[in-house]
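Numbered according to the working numbering, the sequence shown terminates at residue 242, and the numbering increases by one at each position without gaps.
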Amino acid sequence: ELYAAVTELQLAAVETTANSLMWILYNLSR
Numbered sequence: 213e214l215y216a217a218v219t220e221l222q223l224a225a226v227e228t229t230a231n232s233l234m235w236i237l238y239n240l241s242r
């Protein structure tokens, strides 16, 4: 159960990082 929670946190962190990078690139390209 702990392992599943950690995996979910890692996936959420990766998604957040990807979204942040896309937002930064989008604003830089405007």
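From the three backbone atoms N, C-alpha and C, an ideal C-beta is built for every residue, glycine too.
Check whether the Cβ of residue i lies closer than 7 Å to any Cβ atom in chain C.
{"i": "N239", "result": "Among the protein chains of the structure shown there is no chain C, as only one such chain exists."}
With DSSP run on the structure shown, which of helix, strand or coil describes residue i?
{"i": "E227", "result": "helix"}
{"i": "E213", "result": "coil"}
Please confirm whether any heavy atom of the ligand HEM lies closer than 6 Å to the CB of residue i.
{"i": "S232", "result": "Of the ligands one can find in the structure shown there are none, so the ligand HEM has no counterpart to examine."}
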